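Residue numbers (the numbering used here): 36 to 344.
Glycine residues also receive a C-beta, built at the ideal position from the N, C-alpha and C atoms.
Keep in mind it's a predicted model, so treat the numbers as computed, not measured.
One structure is given below, encoded as structure tokens.
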């Protein structure tokens, strides 16, 4: 996911991470929670107690990973993170206002004579995300699921557990699982049963990624032995034609091509001619153009048969 960036602190909702735009006209990528936490030996959620010199005093409300306990007060090395930030991407220093709740990814602590244990930030100024006033528990629950998967250290088990998240009720868990499976092109034909209910999910990002992953799975298996194929195709046609958000319609249009363009050519023609959004129309037009060019090239190709010898 990409968002416009001007502050060191990301504003987080239960469904994702958002940073408001106030003047920087370029975009940088924000990692999903699964990838964001993966490098961190320490993950905590709690409340900033304000700055104390180079450190942030931080009360841990939830110890999610690492040698920390709930209720403990720790010191986070804010100065080091700000000093090491890339100023072209983060022109403003990271601030953690007193009384604000955050989730933070940290390195193992180092010891000092003056103040005891100090925790460096695992991702420098990208180590901090503000927790929402509402839906905070949903974020913490999803992160706990991700950390449990990461702790297995086994690739096969990782993807097995990731696929199970597709049936979770927590939208952040579902969306991160979809993003990871799409990114690494994972998923089997059996997972299509878990994906189909997501075509009606209230979050358009989940509908989009569910359609995209379905298309990847169908394409990877050559459109062969797709379970309940007619029903799945009809549902994707419904998303492509009627979803009220552009991105799911684009993803579903692309997914339909995985069945074989000849089988959905009429539907793609209708989408290319009538969808109100240019991006959706262009997606269908591109599929049809490439398909028809291939047909024309095949028709012009010389063929040998027994009668010509």
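Alpha-carbon to alpha-carbon, residue j and residue i
i	j	result
residue 90	residue 242	42 angstroms
residue 59	residue 293	For residue 59, the predicted model reports a pLDDT of 34, less than 50, meaning its position is unreliable and no value from the coordinates is stated.
residue 361	residue 210	It is not possible to answer for residue 361, since the shown part of the chain is limited to 36 through 344.
residue 339	residue 332	16 angstroms
residue 213	residue 118	35 angstroms
residue 96	residue 81	4 angstroms
residue 164	residue 78	12 angstroms
residue 222	residue 123	38 angstroms
residue 189	residue 104	27 angstroms
residue 115	residue 309	55 angstroms
residue 336	residue 328	12 angstroms
residue 148	residue 92	17 angstroms
residue 204	residue 236	10 angstroms
residue 194	residue 187	11 angstroms
residue 67	residue 120	20 angstroms
residue 265	residue 240	24 angstroms
residue 273	residue 88	58 angstroms
Residues near residue i in its chain [Cβ-Cβ closer than 8 angstroms; skip 5 each side]
i	result
residue 288	275, 303, 306, 315, 318, 319 and 322
residue 300	323 and 326
residue 343	Summary for residue 343: the model assigns pLDDT 48, below 50, so the residue's position carries little reliability; its value from the coordinates is reported in the next sentence. Answer for residue 343: no residue qualifies.
residue 47	Because the pLDDT at residue 47 is just 40, under 50, the model does not fix this residue reliably, and the value given afterwards should be weighed accordingly. Closer than 8 angstroms at the Cβ level, and outside the excluded window around residue 47, lie 53, 138, 164, 165, 166, 167 and 174.
residue 208	176, 177, 180, 181 and 200
residue 70	215
First through last residue of the alpha helix (DSSP H) which encompasses residue i
i	result
residue 174	171 to 185
residue 333	313 to 335
residue 69	68 to 73
residue 216	206 to 218
residue 303	296 to 309
residue 284	281 to 291
residue 118	113 to 118
residue 274	264 to 277
residue 198	190 to 199
Residue i and residue j closer than 8 angstroms at C-beta
i	j	result
residue 171	residue 136	yes
residue 86	residue 113	yes
residue 262	residue 234	no
residue 248	residue 268	no
residue 154	residue 72	no
residue 174	residue 99	no
residue 226	residue 252	yes
residue 246	residue 198	no
Residues near residue i in its chain [Cβ-Cβ closer than 6 angstroms; skip 5 each side]
i	result
residue 351	Beyond the ends of the chain as shown, which are 36 and 344, falls residue 351; an answer cannot be given.
residue 312	281
residue 101	76 and 77
residue 150	110
residue 220	251
residue 61	At residue 61, the pLDDT of 43 sits below 50, so the modelled position is not reliable and the matter cannot be decided from this model.
residue 255	none
Residues near residue i in its chain [Cβ-Cβ closer than 7 angstroms; skip 5 each side]
i	result
residue 157	74, 75, 140, 141 and 142
residue 94	81, 82, 84 and 108
residue 144	152, 153 and 154
residue 133	83, 84 and 85
residue 184	193, 196 and 197
Anticipated Cβ contact below 8 angstroms, residue i with residue j, distance rounded
i	j	result
residue 152	residue 109	7 angstroms
residue 224	residue 260	7 angstroms
residue 250	residue 295	Contact flag wrong, Cβ pair sits at about 12 angstroms.
residue 131	residue 162	Contact doesn't hold; Cβ gap of about 10 angstroms is too wide.
residue 202	residue 231	With a Cβ gap of about 11 angstroms, residue 202 and residue 231 do not count as contacting.
Residue i - containing beta strand (DSSP E), residue span
i	result
residue 248	Unbroken run through residue 248 is the alpha helix (DSSP H), 239 to 255; no beta strand (DSSP E).
residue 98	90 to 100
residue 87	77 to 87
residue 141	136 to 141
residue 151	151 to 154
Closer than 7 angstroms: residue i CB and nearest the ligand ATP heavy atom
i	result
residue 114	Questions concerning the ligand ATP fall outside what the structure shown contains, since it holds no ligand whatsoever.
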